[in-house]
Every structure is written in structure tokens, then in C-alpha cells.
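Notes for the one structure printed next.
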Amino acid sequence: MSDREALQAVKERIDIVAVLSRYLSLAKSGDNYKGNCPFHKDDTPSLMVSPEKGLWHCFGCGEGGDVFSFLMKIERISFPEALSRLAAEAGVSIGRQENDQLSGLRKIHAQVAEYFAENLRGSAGKQAREYLVGRGFDKASWKRFDLGYALSSWDHLKKRFASTYTERALVTLGLLVSGKDRSYDRFRDRVIFPIHDLSGRPIAFGGRALSGEPKYLNSPRTPLFDKSRQLYGLHWARDALRERRSALLVEGYTDVLSLLQAGIDNVVGSMGTSLTQGQADLLGRFVSEVIIAYDPDSAGSAASLRGMQILRNSGLSVRVARLPEGQDPDSLVRTGGAAPMLAAAEAALPFHLFYLDALGQRHDLGTISGKEDALDEARAFYQEIASLPLRQEIVQRLAEALDLPVEEVRAEMAAKGRRARPKENERTEERFGPNEVILSLLLRGAVGWSRVTEVANVEDFAPDDRPIVRAIETAGEPIDLSAVIADLDEPLKPRVSALGLSPLPFTDTEKALEDALLKLVRLPAIERRLAVLRGEIERAEQDGDHDRLNELQQSYSALVAERLTRRIDGPRKEAR
Ligand SMILES: [Zn+2]
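Residue numbers (this note's numbering): 4 to 579.
See the structure below:
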């Protein structure tokens, strides 16, 4: 039985309500169940479970996913562990051939890695070679880091390996994507960075696009690879990490490689800014200190701050290096060598100071409401800190930054969430933009993907939601929620459970869909055309070209009129 079949069989036989009931008490509420969330201090039941959809979601802290996600979070175990526990319970056998199966999959990966490496050296790899050389990676480093290239083709890999391996094995490894009619190559026209296990065997791939979107694409979760429990470059860094007890954590593949080339060997990559508990646990096996070196734009984002907090809560000492504006570790060592990077690491700020600094940048501390928001946000952070001297220092610094009395700030930090939380419905409604309306209808099967593609395509959705949209597209119709969930990285699952379980703030599905498509696709398209026209009108005015100006102004008025009609009539009148 393949992993995916086992997963399906387990899901069919396991009752999500029964599993969650071992950790919290659930009460029936309509078609769903509700209970107090074990992942945050929850005094109102905020966690909802839908036995029918196989999803759970906490509307208090935002955690969510399927039954496997729950077990992984609460028991802090990996996906394969969660699967094998539930499989044992369900009487689904996966164990016996598991080792054979895994070593078979590893063999395929090794051959595909070689194949990518050949492509890079072949005639079709010219652009990829130029890209790499331009970023400071010469021939020697292609070999050292096993770099490769995925051809600009939908089925080159498929044809090359179809005779040796089953299509199913290639799909299981995420090398092929199973589409509506046939499967196709996942990685196309991308520079390939193989991701290795601790023994240095390739178990997944990261691809950097030479053209097209998204810029970075990873292997999905497979029996060999779970991104939330993996760090890029760990097998190169392991000895240095053990020796120094300190890790330099960077974001991207090229950051890791550039630092290694510059002789900085205790570096690993998080493959994105938001860290997971699994990655923190992994780091904790090797080091006691982590110095985070993300580019300045992403370091202060909510997702990356949350990740840093996870590291801290795992008992690691965390500092954050501040890189010069507009630089990432890769560009820094490429232009200045190891010295400026080592200096930045040396001068890295303790996490709590960095956090307070980022807080000041996200909120306008000169205004009352900015101060209120900052206090509100800092409270959650403060309450997770156990060290008394550290708490003291945070209160002191915060009082200074906010220009408020120390004692008042201390009382505020110790208080329970003082500001009334908006009611659940209000909160959900507030978050229901056109993205959310369409996604929640798709995830509930209320609307099929083919209907949405009459008007919209993947790129119309918010960038963060695009992987979910792609998973929906891949899952086909009618929608199979467990296939969508299985296709996504762990951090994206709560978004799916939230959208799948939130009460819908509308009753007329058809009208809501029309409205959302209008806002998501039609109106922005008109706005873009208007912006272009405004530029042209300005130029025509400067040139004194009156005929042209007249013509442009007519088109402009026509578009404004169209925008008005569309707002009234809805989107489905003509194709874009
Ligand atoms: Zn919660």
C-alpha cells in the first residue's frame, strides 16, 4: 500500500472527534463539535471540529488542519510517526514494506538528482549555468552542492523515468503532479537545489524559477521529506554545529551556499521565514544558540517573529543579526566576503530587543492607538517569558519606547487580554475578502474550480493563498479535502481549516461568488487599465497632442462607466 493510499485508508477509518477527545473535551454544536483549545489559554471553547470534513480549527489562536496535524502538534511528532500511530490504530498496515519502500524512493531520488545535474551541464542548461555563475557559483560548487537544472518541459522527466519507475512512485515523490487528465513534471525551467537528509542523501528538491512563478518551489511532503522538520544544509553543517553549539540560520538556498563558500560552515537554511516546532527541535539537537540572519524586510514580519519565539520556547538562546538595508546574507558575502557577515552575527541583538524594535516599526508609537496596539501585541509575547530579569528588562524598555510609567506598563503586561475580543462572527466577517469567499466556497465544494477559472486564474489570488489554490486545482472535482490538505506544507493547513470551517457571512452563494470575482478580478483589471491611461493622458498633455488627448479621455470615461456598471451588474459579461 502506498503512503497516500494508507493515509486515505486511515482517514476513512479514524474518527477525528474520537482522537481529539483524548486531549480535550468536545461538545456537539450543530453538525460540528466545540471544545477548549489545548494550544493556547482558552476559556471560551474556540476549537471547532468537523467530522464530516475531517478538519479542526481553533478560532482563538489560528491553529488547525486535519487529524494528522493535530497529533503532530500535540505530541510533537513527525508526520510519519503520526501516520504510523493512527494506521496501527485503524488496522491499516504500512509497516512491513516500509523500509523497502523508502529505500526504493531514495534510489529514485538519487537518480533524479543525477539527471538534474546532467541537465545543468548539457546544452539546454546554458541559462541556468549563467544564472549560477552570475550569483558566484562556479563549476566546482555545482558539484559540491549537487546543483542541477529542470528543463523547460512539461514531461521530460516523466518520459525519462517512466520506463524505469511507476508513475505512482514519481507522483508520490512529488516529481510529477497528477493533473486532471495526465501527470506532468513539477519542476520546469528551474535551477535545482537538492535537499539532503543527515546522511547527505537527496530526499527532496528546491527549485528557483528562471522564468515564471512562483519564484521558489519545493517538493511537497512525501514519505521522505517533511519541510517542517528539515533544515537545508544540515548535513554540511552538522559537525560545525556540534563543535560551536551555535547556528547561523538563514532563509534561502543561495544564502546557505554563499556562506559555505565563504568559509562560514555553521549555517543552515529554514526554507522560508516561518519556523516550525519540528525545525526548532531539530536545531536543539545540535546547538544551544541560534543567530537568525534574514533579510531586513522579512525578519520583522509577524510570521518570522512567531518562528523566533518558537525557537526561544524550545530553550534555545536566540539572537537576530541586523543586516544592512536591502542586503541578504547571500548578497552580503558575495560583495564583501565573510567579514561583514561575521561582524553582523557578532553584533546580533538578543531576540527580545529585536522584538521590541520590530514592534516600534510596525506601530506608530507617537499615537495613542499605536501605543495601545503595541501594548496589546507585547502582552502575549511578555506572558510567554519565564525569566524574571528578562521580564523586568522588557517592561523597562517598553515603558521607555512608549513614554509611559514603568509600573503602569508592568500592570498592563501582567493583565489578561484586557481589550474585549470581537465576537467570532464579527472577526470572521471582517476577514472575508474576495479571496476568502472564493476559497471557502471551493473548499466546501459549493463551487467547482472550473467555474472559477471561467473568470479567474491562480495569479489573481493573494500570493500567500496561491499554493492552496494550486492544491485545489490539482485535487480536481468534486473536491477531495484530504488530498488538498495532503498537498500543502504544514503552516498552510490552518488557513484551509479556517476557511473550511468558518461560518459563512452570506447566504446567497451565487451572489457572493459573483461579487467576489468582481472584486478580485474584474475591478482590478479595470483599475490597471485606468492607471495606464492616466499615464498616457499626462504624456499627451505634455506633448500638447490634442487629438490623442481627446481620444484617451474618451476611452477613460468609457472605462469609468464600465467600472460603474460592473459594480452594479457583476462580472460575468465578457471575458477578460
Ligand atoms: Zn487555540
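The beta-carbon is built from N, C-alpha and C at its ideal position, and this holds for glycine as well.
Beta-ladder partner(s) of residue i, from DSSP
i, result
"R322", "I294, P353"
"N221", "G209"
"V180", "Y187"
"W59", "V52, G68"
"K31", "Y36"
"V253", "G272"
Three-state class that DSSP yields for residue i in the structure shown
i, result
"D188", "strand"
"V271", "strand"
"G503", "helix"
"K3", "Nothing about residue 3 can be read from this structure; the chain reaches only from 4 to 579."
"Y358", "helix"
"R214", "The question names Arg, but residue 214 is Ser in the sequence shown. Note: S214 maps to coil in three-state DSSP."
"I17", "coil"
"I195", "strand"
"R422", "Only weak support exists for where R422 lies, its pLDDT of 48 falling under 50; the value from the coordinates is given anyway. If DSSP states are grouped into helix, strand and coil, R422 belongs with coil."
"G125", "coil"
"G451", "coil"
"Y26", "coil"
"Y559", "helix"
"K44", "coil"
"E328", "coil"
"G107", "helix"
"D300", "helix"
"P395", "Before going further, note that residue 395 is Gln rather than Pro in the sequence given. DSSP places Q395 in helix when its eight states are reduced to three."
"E457", "coil"
"N428", "Model confidence at N428 stands at a pLDDT of 39, short of 50, so the residue's coordinates are unreliable and nothing is read from them."
"P508", "coil"
"Y168", "coil"
"A404", "helix"
"G339", "helix"
"F73", "helix"
"H549", "helix"
Nearest neighbour of residue i, chosen from the options [CA to CA]
i, options, result
"F119", "D268, K161, E92", "K161"
"S222", "G215, L237, H238, P205", "P205"
"R247", "Q545, E92, D268, W452", "D268"
"R193", "E554, N122, Q233", "N122"
"K419", "I475, R224, R382, E117", "R382"
"E565", "G272, A91, L252, R532", "R532"
"L50", "G67, K56, R147", "G67"
"Y219", "K514, P470, R88", "P470"
"G281", "P83, G151, A240", "P83"
"S202", "G538, E541, A172, H238", "H238"
"L227", "R191, C64, P197, A212", "P197"
"L345", "I294, S443, D188, V70", "I294"
"P466", "L495, D483, W452, G479", "L495"
"A414", "G436, Q386, D242", "Q386"
"S90", "A449, G65, R16", "Per the sequence shown, residue 90 should be read as Ala rather than Ser. If we check each option's Cα against that of A90, R16 comes out closest."
"R245", "N35, S291, A561", "S291"
"E55", "S485, E539, Q233", "S485"
"A3", "T512, G33, A348", "Any answer about residue 3 is impossible in this case: the structure gives the chain only from 4 up to 579."
"A12", "K37, F62, F71, M416", "F71"
"S335", "L516, A402, E380, L260", "Residue identity differs from the one stated: residue 335 is Leu in this sequence, not Ser. With distances taken between Cα atoms, L335 lies closest to L260."
First and last residue of the uninterrupted alpha helix (DSSP H) at residue i
i, result
"K134", "In the sequence on display, residue 134 carries Tyr and not Lys. Segment 129 to 137, the alpha helix (DSSP H) holding Y134."
"R247", "237 to 247"
"H159", "159 to 165"
"Y256", "256 to 264"
"G538", "526 to 546"
"P437", "437 to 446"
"D492", "Unbroken run through D492: none, as it is neither H nor E."
"I482", "Per DSSP, I482 belongs to no alpha helix (DSSP H) and is neither H nor E."
"R232", "That residue, R232, is in no alpha helix (DSSP H); it is neither H nor E in DSSP."
"S96", "Looking at the DSSP string, S96 is not in any alpha helix (DSSP H), and its letter there is neither H nor E."
"S156", "Element bounds for S156: n/a, residue is neither H nor E."
"R315", "305 to 316"
"G281", "280 to 287"
"A465", "Per DSSP, A465 belongs to no alpha helix (DSSP H) and is neither H nor E."
"R413", "409 to 417"
Continuous beta strand (DSSP E) stretch holding residue i: start and end
i, result
"P82", "The residue you asked about is not Pro; residue 82 is Phe in the sequence shown. It is not in any beta strand (DSSP E) - F82 instead sits in the alpha helix (DSSP H) that spans 82 to 93."
"Y385", "Element bounds for Y385: not the beta strand (DSSP E) but the alpha helix (DSSP H), 371 to 386."
"N35", "35 to 38"
"A153", "151 to 153"
Within-7 Å CB hit, residue i to chain D
i, result
"G151", "Structure shown: chain D not included; a single protein chain is present."
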